[in-house]
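Residue numbers (mature numbering (1 follows the signal peptide of the UniProt record, and there is no 0)): -28 to -1, 1 to 892.
The structure under discussion appears below in the form of structure tokens.
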């Protein structure tokens, strides 16, 4: 079949250009998964003499569980992006590194000619869930000036753009890249969170390297470091290193045909560029040096294997292609003598020129090639695996070759599986993936279950159960290692959210035991949801080999999966607590308007609910329309938070409060380190507000019960003994044990607590009315007692004689009328007060004070105790609605003693009635 520039008898899909494979397949047998499409209009590529594709970009993300995420972004690209260049057109031949090399039949029926098939669209994975799509538009560079000209027929001068899209196909950011598209190359970082590096030539043909970062919103940012150089040597390839840097390889071949020359002939020149490197000074070295005259470098393929970088260098010697195996450290230094691959694949009709190398993740590499067969009009892909030890060829489980599409798009996954695009199906409207298991040097399946031959086992193991009580993770390795600089991150599977992230530099959380066992501390908020799955990742360069001081490969996502058990339905409780803002956040908060303060607290609660996580309906600052906050010492703002109860299988309020406290205290390793939650003070955490009743309800209930029992026992004892003294003593003890604490608690509440709930003046009013009433009552009673006939004179003399005592009693009675009840029984314990025995038998004090006691009881119930109980109910309601930070013991005991005082009045009256009935 002839591949003309425009007239294709088959429809090509843009997706063949890149397989967006983030996660591996685990099956070893051949497996086909089909993807169907609807045909669209072909692009007109006649002006650039290119092959036409349908004008639709389709991306498929293949997840580890076998499901496929379909992404059809609407980028509205120029038609030039849907053209394949370099088929039979030599005028605009493009020598890009990110190309597809394939044997194709040309117009003259030459089937043994290599073609560098180039498409302007390239796709690179960024941090989840983002993808970088690079393309060209109708803007060209001409003499350093940008010109809009979509009709311009020279695609080599087009401008390159980058679009970051998410997995829903939404465009997050657009960035124009400097320099010519024809010379640009992009290499993603080994850690997708760190972006990528881009090489390009500008209009002055000076080459530059720029690093870009990508944030959590999908925005691309040009980093501060821009490295430029004036080397005339062309770029060959770039590779990312495990320490998040890059190795950039150049063809520094020097034409030196003098066989007797002792001078350097050049070779494969490598520059070592660190992450976010800034400036001109970089390290450089030669990865491989030319050893013979008339020897040039054709191509280079490099990739990382565990701790080393393997490179396959294709060289040309006297028109013969040969392949060299080179082994480098992460710093670009050679770690062994280069060796030649002698037993190259021997396929009839194919030269050795087109073999492309790829590194297998468990040692070794493959040589692959895609070729069109003129006999059966099919396209085949050839795969030949090698061990790097002596470069020996090893057989595949399934024989070569494999049917593929015209481009043989393929990728080696981390589990040593090669995915190959198979040939098109009916009507060329769908395509599929072929799974080919590659050989490895490890005989036992457990040796590669972590896609990392250095890792022997983990605890908990893969698919084990964990819970919030899981405190450590352990990783055992077969090499002596030391901690480096990478992170270990624990994710929740359902939403890919970060639960905990710790750096190897955090000694509090990471340590090495016996040189080969890594222990990671886990906080109790990490595995905090029931019936959920989690996975643990270890960054490259989290650990390093102690022997060569080189970073080691980590554990990628989707491998170390852990899960929590389900939970049965339970009964929950409400938890009240508070958080505190940092000093800076507090100062900013105080400058906000009232509406903005409420909005800020609302945003804070929503973020907390999302990150803990908890249903936002369970999280409240209070139940009113306006949020309340508290200004404490050092101008720090404290915000009260209520966690409501819920009857279902989720975590209860006490567990949530523990999680919240942990995530604030350790916010620098959780998602609380970003957003509004970063304003929370980690030294304060989430403090559960004190509820004196919950903390002391048993003791208080027991105390109330004991008091009531003593009341009964003393009454029974007095009744049985028929002793007035015992009755008076027991009555005084019970009253003093109640009225003294009640008055002290009242004063403490007014001074220290009432203002917090806005009840200060109400409390002062109740206390003042009580004091004033009691003073008036006792003063009036004493005055009337002195004026009484017969007993008045003697009572007056008693008052004069014991004036100090009387003044003290007046003061005490002002605090509580119950002292009158105690006072009336004093004559029982004193000498005779009057001259006549008949009068002494008659209790004069009781006769004088009985009216005041009755009036005092009435006022005490309705103007002191009941209002005090109402105030305490309001106070507790303020706490319950989150407007108080705590419910202390003082308000609670004041409420209890006020209730007991009413009880005592009623109790004494009832018992007196019962006693009279029994006497009668």
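Every residue gets a Cβ at the ideal spot worked out from N, C-alpha and C, and that includes glycine.
All figures in this text were calculated on a predicted structure; none of them were measured in a lab.
Burial state of residue i, where buried means 16 or more other Cβ atoms lie within 10 Å
i           : result
residue -7  : Reliability of the predicted coordinates at residue -7 is poor, the pLDDT of 35 falling under 50, and the value obtained from them is presented with this limitation in mind. So residue -7 ends up on the buried side.
residue 810 : Summary for residue 810: the model assigns pLDDT 43, below 50, so the residue's position carries little reliability; its value from the coordinates is reported in the next sentence. Burial call: exposed.
residue 886 : exposed
residue 329 : buried
residue 752 : exposed
residue 663 : buried
residue 122 : For residue 122, the predicted structure reports a pLDDT of 48, less than 50, and the residue's modelled location is therefore unreliable. A value from the coordinates is still provided. Exposed.
residue 564 : exposed
residue 357 : buried
residue 109 : buried
residue -5  : Interpretation of residue -5 is limited by its pLDDT of 31, a score under 50 that renders its predicted location unreliable; the figure taken from the coordinates is listed afterwards. It is buried - the Cβ of residue -5 has at least 16 other Cβ atoms within 10 Å.
residue 674 : exposed
residue 255 : exposed
residue 513 : buried
residue 377 : buried
residue 347 : exposed
residue 431 : exposed
residue 882 : exposed
residue 349 : exposed
residue 783 : exposed
Residue i versus residue j: straight-line alpha-carbon distance, rounded
i           : j           : result
residue 217 : residue 246 : 4 Å
residue 896 : residue 864 : Any property of residue 896 remains undetermined from this structure, which presents the chain solely from -28 to 892.
residue 443 : residue 497 : 10 Å
residue 212 : residue 360 : 21 Å
residue 337 : residue 487 : 30 Å
residue 437 : residue 503 : 10 Å
residue 273 : residue 158 : 15 Å
residue 870 : residue 463 : 54 Å
residue 106 : residue 154 : 12 Å
residue 149 : residue 592 : 48 Å
residue 579 : residue 550 : 15 Å
residue 652 : residue 258 : 52 Å
residue 523 : residue 333 : 16 Å
residue 893 : residue 731 : Limits of the chain in this structure are -28 at one end and 892 at the other, which puts residue 893 out of reach.
residue 466 : residue 590 : 21 Å
residue 790 : residue 637 : 52 Å
residue 553 : residue 499 : 26 Å
residue 412 : residue 345 : 30 Å
residue 669 : residue 868 : 11 Å
residue 806 : residue 774 : Unreliable placement is indicated for residue 806, whose pLDDT of 46 sits below 50; the coordinate value is still reported in the next sentence. Answer to the nearest angstrom: the Cα atoms are 15 Å apart.
Residue i CB to nearest heavy atom of the ligand ATP below 8 Å
i           : result
residue 733 : In terms of ligand content, the structure shown is empty, and the ligand ATP therefore cannot be addressed.
Beta carbon of residue i nearer than 9 Å to that of residue j
i           : j           : result
residue 835 : residue 741 : yes
residue 445 : residue 520 : no
residue 269 : residue 240 : yes
residue 281 : residue 295 : no
residue 609 : residue 562 : yes
residue 339 : residue 284 : yes
residue 833 : residue 738 : no
residue 426 : residue 279 : yes
The alpha helix (DSSP H) enclosing residue i, as first and last residue numbers
i           : result
residue 778 : 775 to 787
residue 635 : 625 to 637
residue 276 : No alpha helix (DSSP H) contains residue 276, which is instead part of the beta strand (DSSP E) from 267 to 277.
residue 748 : 732 to 759
residue 569 : 566 to 583
Segment limits, beta strand (DSSP E) that includes residue i
i           : result
residue 50  : Where residue 50 is concerned, there is no enclosing beta strand (DSSP E), given that its DSSP letter is neither H nor E.
residue 933 : What the structure shows of the chain is the stretch from -28 to 892, and residue 933 is not part of that stretch, so it cannot be assessed.
residue 709 : No beta strand (DSSP E) contains residue 709, which is instead part of the alpha helix (DSSP H) from 696 to 724.
residue 184 : 179 to 186
residue 687 : That residue, residue 687, is in no beta strand (DSSP E); its alpha helix (DSSP H) goes 664 to 693.
residue 847 : Element bounds for residue 847: not the beta strand (DSSP E) but the alpha helix (DSSP H), 838 to 852.
residue 312 : 311 to 313
Residues sharing a beta bridge with residue i, DSSP
i           : result
residue 523 : 516
residue 359 : 364
residue 350 : 345
residue 894 : One cannot answer for residue 894 here, as it falls past the ends of the chain, which runs -28 to 892.
residue 131 : 152
residue 393 : 405
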